[in-house]
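*Asks:*
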């Protein structure tokens, strides 16, 4: 769905003339209102990082499983 087709109720005048433009700004098409506001930018979720202790623990576990598979 194109962003211009997203219609909502204007928080100022209450009419369903509030559209989301291509620039991420909500604009009321009511000529008496002309209310507009920017869309809030969501915060990005923190990505888990692979630190050295996690890498070493993973290598140790892989090594133990390999030794067990070889029967040593």
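In the working numbering, the protein residues as written are 330 to 401.
The beta-carbon is built from N, C-alpha and C at its ideal position, and this holds for glycine as well.
Quantities reported herein were computed from a predicted structural model and do not represent experimental measurements.
Would you kindly check if the distance between the Cβ of residue 346 and the Cβ of residue 359 is under 7 Å?
*Replies:* Taking 7 Å as the cut-off, the Cβ atoms of residue 359 and residue 346 count as close.
*Asks:* Beta carbon of residue 355, beta carbon of residue 366: below 7 Å?
*Replies:* It is a contact, given that the beta carbons lie within the stated cut-off.
*Asks:* Once the 5 residues before and after residue 380 are set aside, which same chain residues still bring their CB inside 7 Å of it?
*Replies:* none
*Asks:* Three-state secondary structure (DSSP) at residue 335?
*Replies:* Of the three classes helix, strand and coil, the one that applies to residue 335 here is coil, per DSSP.
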